[in-house]
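Asks:
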Amino acid sequence: MKYSRNELMVVAAARELKNGETVLVGVGLPNLACNLAKRIHAPNLTMIYESGVIGAEPSRLPLSIGDPCIVTNSKSVCSMFEVFSYYLQSHRVDVGFLGGAQIDKYGNINTTVIGSYAAPKIRLPGSGGACDIAHLAKRIIIITPHQKRRLVDKIDFLTSPGVLEREKLEVKGKGGIKVITSLGVLSFNEKHGELVLESIYPGVTVEEIKENTGWNLKISELLKVTPEPTTLELSTLRSLDPSKIYI
Amino acid sequence: MSKVTTMEEAIKRHVRDGDTVYIAGFTHLINFSAGHEMIRQRKRNLVLCRPTPDLVFDQMIAAGCARKVVFSWAGNPGVGSLRCFRRAVEHGIPNRIEIEEYTHFSMVARIYAGALNLPFMPLRTNICSDLPKVNRNIKFITCPFTGEKISVVPALKPDVSIVHAQRSDENGNAQIWGIIGDQREAAFAAEKVILSVEEIVEENVIRRDPNRTLIPDFIVDSVVEEPWAAHPSYVQGYYDRDNDFYLEWDKISREPELVEKYLEEWVYSVENRKEYVEKLGAGRVLKLLPKRFYSLPVDYGFYR
Numbered sequence: 001m002k003y004s005r006n007e008l009m010v011v012a013a014a015r016e017l018k019n020g021e022t023v024l025v026g027v028g029l030p031n032l033a034c035n036l037a038k039r040i041h042a043p044n045l046t047m048i049y050e051s052g053v054i055g056a057e058p059s060r061l062p063l064s065i066g067d068p069c070i071v072t073n074s075k076s077v078c079s080m081f082e083v084f085s086y087y088l089q090s091h092r093v094d095v096g097f098l099g100g101a102q103i104d105k106y107g108n109i110n111t112t113v114i115g116s117y118a119a120p121k122i123r124l125p126g127s128g129g130a131c132d133i134a135h136l137a138k139r140i141i142i143i144t145p146h147q148k149r150r151l152v153d154k155i156d157f158l159t160s161p162g163v164l165e166r167e168k169l170e171v172k173g174k175g176g177i178k179v180i181t182s183l184g185v186l187s188f189n190e191k192h193g194e195l196v197l198e199s200i201y202p203g204v205t206v207e208e209i210k211e212n213t214g215w216n217l218k219i220s221e222l223l224k225v226t227p228e229p230t231t232l233e234l235s236t237l238r239s240l241d242p243s244k245i246y247i
Numbered sequence: 248m249s250k251v252t253t254m255e256e257a258i259k260r261h262v263r264d265g266d267t268v269y270i271a272g273f274t275h276l277i278n279f280s281a282g283h284e285m286i287r288q289r290k291r292n293l294v295l296c297r298p299t300p301d302l303v304f305d306q307m308i309a310a311g312c313a314r315k316v317v318f319s320w321a322g323n324p325g326v327g328s329l330r331c332f333r334r335a336v337e338h339g340i341p342n343r344i345e346i347e348e349y350t351h352f353s354m355v356a357r358i359y360a361g362a363l364n365l366p367f368m369p370l371r372t373n374i375c376s377d378l379p380k381v382n383r384n385i386k387f388i389t390c391p392f393t394g395e396k397i398s399v400v401p402a403l404k405p406d407v408s409i410v411h412a413q414r415s416d417e418n419g420n421a422q423i424w425g426i427i428g429d430q431r432e433a434a435f436a437a438e439k440v441i442l443s444v445e446e447i448v449e450e451n452v453i454r455r456d457p458n459r460t461l462i463p464d465f466i467v468d469s470v471v472e473e474p475w476a477a478h479p480s481y482v483q484g485y486y487d488r489d490n491d492f493y494l495e496w497d498k499i500s501r502e503p504e505l506v507e508k509y510l511e512e513w514v515y516s517v518e519n520r521k522e523y524v525e526k527l528g529a530g531r532v533l534k535l536l537p538k539r540f541y542s543l544p545v546d547y548g549f550y551r
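Here the protein sequences come in this chain order: S and C.
Under the numbering used here, the first residue of the first sequence carries the number 1, and numbering increases by one thereafter.
Under the numbering used here, the first residue of the second sequence carries the number 248, and numbering increases by one thereafter.
1. Would a check of beta-carbon distances place Pro-58/S closer than 9 Å to chain C?
2. Which full runs of the alpha helix (DSSP H) of 4+ residues lie inside the stretch 30-104 of chain S, going along the chain?
3. At the level of alpha carbons, what is the spacing between Tyr-516/C and Gly-20/S?
4. Which word fits Gly-66/S, buried or exposed, when buried means at least 16 other C-beta atoms lie within 10 angstroms of its C-beta?
5. Compare the C-beta of Val-448/C with all C-beta atoms of chain S and state if any pair is closer than 9 Å.
6. Taking C-alpha atoms, which residue in Pro-161/S, Ala-130/S, Leu-232/S lies nearest to Ala-321/C?
7. Could you tell me the alpha carbon to alpha carbon distance between Glu-525/C and Pro-474/C, rounded to whole angstroms?
8. Under 8 Å Cβ-Cβ, which residues of chain S neighbour Asn-451/C?
9. Would you call the stretch 287-295 of chain C in contact with the stretch 438-457 of chain C, where contact means no fewer than 3 C-beta pairs closer than 8 Å?
10. Got a sec, what are the start and stop residues for the alpha helix (DSSP H) Ser-199/S sits in?
11. Drop a sphere of 10 angstroms on the beta-carbon of Asn-31/S, count the other beta-carbons inside from all chains shown, and report buried for 16 or more, exposed for fewer.
12. Using a C-beta to C-beta distance shorter than 9 Å, which residues of chain C count as neighbours of Pro-161/S?
13. Nearest to Tyr-486/C by CA position, among Arg-539/C, Val-470/C, Ala-436/C, is which residue?
14. My understanding is that His-478/C touches Asp-491/C, with C-beta atoms under 8 Å, so please give their C-beta distance in whole angstroms.
15. Report the rounded CA-to-CA distance for Ile-270/C versus Ser-408/C, giving the unit in angstroms.
16. Could you name the residues of the stretch 331-350 of chain C whose beta carbon sits closer than 7 Å to any beta carbon of chain S, in the order they occur along the chain?
17. At the 9 Å Cβ level, is Arg-431/C part of the contact set with chain S, yes or no?
18. Output, in sequence order along the chain, the residues in the stretch 32-46 of chain S whose CB is closer than 8 Å to any CB in chain C.
19. Quick one: give me the first and last residue of the beta strand (DSSP E) that Cys-296/C is part of.
20. Only counting the same chain, and skipping five residues up and downstream in sequence, which positions put a Cβ closer than 6 Å to that of Lys-218/S?
21. Relative to the C-alpha of Asp-156/S, which residue among Tyr-117/S, Pro-242/S, Leu-63/S, Ala-13/S is closest?
22. Pair every Cβ in the stretch 143-158 of chain S with every Cβ in the stretch 37-47 of chain S, then say whether three or more of these pairs are closer than 8 Å.
23. In the DSSP assignment, what residue or residues form a beta bridge with Arg-123/S?
24. Please report whether the beta-carbon of Asp-487/C lies at a distance below 9 Å from any beta-carbon of chain S.
25. Counting only C-beta atoms, is Ser-280/C closer than 9 Å to chain S at any point?
26. Using only alpha-carbon positions, find the residue among Ile-177/S, Glu-57/S, Asn-35/S, Tyr-201/S that is nearest to Lys-75/S.
27. If we cut at 9 Å on Cβ distances, does Leu-370/C have a partner in chain S?
28. Does His-275/C get closer than 9 Å to chain S when you measure Cβ to Cβ?
29. At 9 Å on the CB atoms, spell out the chain C contacts of Asp-132/S, in chain order.
30. Would you kindly check if the distance between the Cβ of Ala-476/C and the Cβ of Phe-273/C is under 9 Å?
31. For chain C, find out if any of its Cβ atoms is closer than 9 Å to the Cβ of Gly-100/S; answer yes or no.
32. List the residues of chain S whose Cβ lies closer than 9 Å to the Cβ of Pro-391/C, in chain order.
33. On the DSSP letters alone, give me the boundaries of the alpha helix (DSSP H) that Val-225/S sits inside.
34. Need the endpoints of the alpha helix (DSSP H) that Ile-133/S sits in, please.
35. To which residues does DSSP link Ala-313/C through a beta bridge?
36. Report the CB separation of Ile-143/S from Ile-180/S in whole angstroms; it is logged as a contact under 8 Å.
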């Protein structure tokens, strides 16, 4: 079956999730990845939304993180303060999904401003829950298009901390950061002390990836080729987004 | 004296120029009706607070109501940019606005501290971020018990909180279900509370299910029966989010002239929410009604 790189990106993200984990879901691609994992290999994935919904079973594709469809048939609904304190701060979230306008080689993320804070060239939406998730979730998965303007050498503003910053925390989320892009998968490598290319999508070259990365990306000695999506993964994914809003 | 009044009267009575105004509701139950009324009454120099400014503050900023915005995520949810907010921040149009930004957790912790009548709230975030460099209200202290360095944010005590709910009685005992967001904290933290509801019900309906009552009458100052007050956001069990409008606003808000035209047509020229809903028309409204899906009743027991 033919597939797009964006489809493989969602499939690769879904494969990172383990059965029985709790995951703080974002709208869009993370939502697709979580719902896909739940239907393929992780039926006991607990989906938590920062709007305070626990154990969501959305009957349609949610259009925002507060969509009414995530409430109907969920396990529990709590206040926003409670979802951030009882669940996230208490380390009950295994995986947090993030995205960003700028991401550097440590997985530091900027979603605040392009340019200076006082006189921004582009005012972005800001942290939302991202900074909190980056401090407190056990593992972080970042989904992003692989573009030079996004994967940058230096971010303009540190909104949400990456792996080295997380290490400094006295009470920290354990576990690493993975960046799933439209071309491959980057993961944190202890030896290099930064993100390295761990896996590459079929048909993509290392040169293409390096050209589209804003720093001199190191390549893992154990570089793999990401397995193509299975027919089941693809057909399930497409059924989740029939109007092709996100893929 | 009855607390039941109109939105026009409630805004006139409780919101003064320069007030700190909190409109509650995370995606759900956002009180657009109150926002439009403040625009109509040309309220000025307001300090507008909510985690997600959403379209309601975007419109109020465009109309020149805001002096400052306190927030944690300023985007068009599920769509993209909040363009009037951005125009004010990037170019000072229609006026420069001050911003004070937090993370979501920090923002809801602030209103929670306000509701608890505590001066601040500690929380384990903000340490590895540039946010404290640009917002002096995010500080760090050493925990007196463990020695841990911990972030603190100050309580938020709005002059007025505006809350929308599914239903209440005439006194304002309000029941909310679905995403409860920051509704309860907003009400308890504020000096004054304007409550609007989709429907006013008999006190007996409320008393038969007290666990669902998040806001008690004695902290509520005015009660407004205002169906569709949350449109284009939604009310669980009553109507869906009008996503077409969120997409439309993305186009409208690109051009200040189109925003002007929108405000003229849908806010200034409309007397109240009832007229707004009539203007929306049956077709648009009917499309937003969900299929019924009742919870099962619980037995509270009657004790003799």
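Glycine included, each C-beta is placed from N, C-alpha and C at the ideal position.
Replies: In short:
1. no
2. none
3. For clarity, residue 516/C is Ser in the given sequence; the question names Tyr instead. Rounded to whole angstroms, Ser-516/C to Gly-20/S spans 54 Å at the Cα level.
4. buried
5. no
6. Ala-130/S
7. 12 Å
8. Neighbours of Asn-451/C on chain S: none; closest Cβ ~25 Å, over 8 Å.
9. no
10. No alpha helix (DSSP H) holds Ser-199/S; the beta strand (DSSP E) holding it covers 194-200.
11. buried
12. Ile-374, Cys-375, Ser-376
13. Arg-539/C
14. About 12 Å separates the two Cβ atoms, so there is no contact after all.
15. 6 Å
16. Arg-333, Val-336, Glu-337, Glu-348, Thr-350
17. yes
18. none
19. 293-296
20. His-192, Val-196
21. Tyr-117/S
22. no
23. Val-113/S
24. yes
25. no
26. Glu-57/S
27. yes
28. yes
29. Thr-350, His-351, Phe-352, Ser-353, Leu-370, Arg-371, Thr-372, Asn-373
30. no
31. no
32. Under the 9 Å cutoff, chain S gives no residues; its nearest Cβ is about 15 Å from Pro-391/C.
33. Careful: Val-225/S lies outside any alpha helix (DSSP H), inside the beta strand (DSSP E) at 218-225.
34. 130-136
35. Leu-293/C
36. 5 Å
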